[in-house]
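**Q** For the sequence shown, counting from 1, position 14 maps to 13 in numbering that gives the first Met the number 0; every step adds exactly one. Handing you a structure now.
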Amino acid sequence: MENYYLTDPGKVREQNEDSVIIVKNHNNEYLMAVADGMGGHSNGEVASSIAITHLANNFKELKSIGTKDDAIYWMRAITNEINALIYKYTEENPNSTGMGTTLVMALITDSFLLFGNIGDSSGYVIKNEQIHKITTDHTLVNLLVQSGELTEKEAKEHPRKNVLMKALGANVTAEIDVFDVENDVEGIFLCSDGLTNMLDDEQIIKVLNSDLSIEEKVKKLIYKSNNRGGNDNISVAYLVKRGE
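Quick look at the structure:
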């Protein structure tokens with residue numbers, strides 16, 4: 000497997016509140032994750048860093064993630080641990096009240112592929128040179144789209160399109176959505192909304208299908224997002240399972 004990840008502050012934000020990682024454990028299983036912090040005044044950066052650091056450290060120490068059921072249990076448990084750590088930090092640092100983070104992750108083993116998501120960072124699979132979104136955004140406008148009150152087009156232009164209904168650190172408890180995905184895919188792609196607010200799926204897959212190295216593809220996607228305004232931090236994690 001080949002992989003690359005990168006985060007960029009974008010063109011507008013003073014600091015980067017995103018965190019991103021791809022790690023491997025002792026059994027050659029992979030964890031990819033992107034966290035998009037919120038709260039401003041560096042607190043969002045703290046929240047996303049807590050999430051990614053705790054995830055990576057825990058996963059790297061595992062001999063194996065175990066069965067699919069074991070993996071799902073681990074994803075739910077680790078999410079609750081991260082939520083508790085962020086919540087505790089805000090209690091001990093009152094000036095950070097309101098801080099939190101999104102989290103999207105993918106667990107890749109020889110026998111299964113799982114995605115987990117809370118917030119509006121996105122997880123995709125690449126199959127037959129097409130990109131397919133797996134995760135569901137926990138946003139106000141997405142709820143309105145699902146209930147039929149907004150169209151997809153209206154949602155993209157809605158003034159409250161970035162209002163989150165779920166995030167880590169926002170409440171005492173947090174429940175992550177888990178997606179069990181067919182394992183026969185060419186690649187796995189995670190990103191923060193700094194990318195998806197600038198580029199649509201067609202523009203993303205055009206770059207991923209180009210004749211560039213995996214590193215060049217990730218860098219080009221970030222470059223294109225910045226070229227279109229770069230109004231948010233941009234993070235990408237990309238893993239290719241087999242030759243392109």
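The C-beta atom is built at its ideal place from N, Cα and C for all residues, glycine as well.
By Cβ distance, which residues of its chain are closer than 8 Å to V184, with the 5 residues on each side in sequence left out?
**A** L112, V124, I125, K126 and K240
**Q** Does A76 pass the burial test, meaning 16 or more other C-beta atoms within 10 Å, or should it be called exposed?
**A** exposed
**Q** Could you tell me which of T89, D119, D109 and N226 sits nearest to T66, measuring between CA atoms?
**A** D109
**Q** Give me, in chain order, the residues of the same chain whose beta-carbon lies closer than 6 Å to that of R227; leave out the 5 immediate sequence neighbours on both sides.
**A** Excluding its 5 nearest sequence neighbours in each direction, R227 has C-beta neighbours in its own chain below 6 Å: M197, listed in chain order.
**Q** Under the rule that 16 or more other beta-carbon atoms within 10 Å means buried, what is D299, buried or exposed?
**A** Since the first residue shown for the chain is 0 and the last is 243, residue 299 is missing from the structure and cannot be characterised.
**Q** Rounded C-beta distance between A46 and G99? I'm assuming under 8 Å.
**A** A Cβ-Cβ distance of about 5 Å is found for the pair A46 and G99, placing them in contact under the 8 Å criterion.
**Q** Of the choices S120, E181, A105 and I107, whose alpha-carbon is the least far from that of E16?
**A** S120
**Q** Where DSSP assigns a beta bridge to N116, which residues make up the other side?
**A** Beta-bridge pairing links N116 to V103 and D176.
**Q** Only counting runs of 4 or more residues, tell me where the alpha helix (DSSP H) segments fall wholly within the region 33-59, in order along the chain.
**A** 42-59
**Q** Which runs of the beta strand (DSSP E) fall wholly inside the region 211-239 and span at least 3 residues, in chain order?
**A** 233-239, all fully within the region 211-239.
**Q** I'd like the list of long-range same chain contacts for A236, defined as Cβ closer than 6 Å, with 5 residues on each side in sequence excluded.
**A** Y4, V19, I21, M31, V33 and L189
**Q** What span of residues does the beta strand (DSSP E) with I20 cover, start to end?
**A** D17 to K23
**Q** Determine contact between the region 130-144 and the region 164-180, defined as no fewer than three beta-carbon pairs at a distance below 8 Å.
**A** yes
**Q** How many Å lie between D35 and D69 at the Cα?
**A** 26 Å
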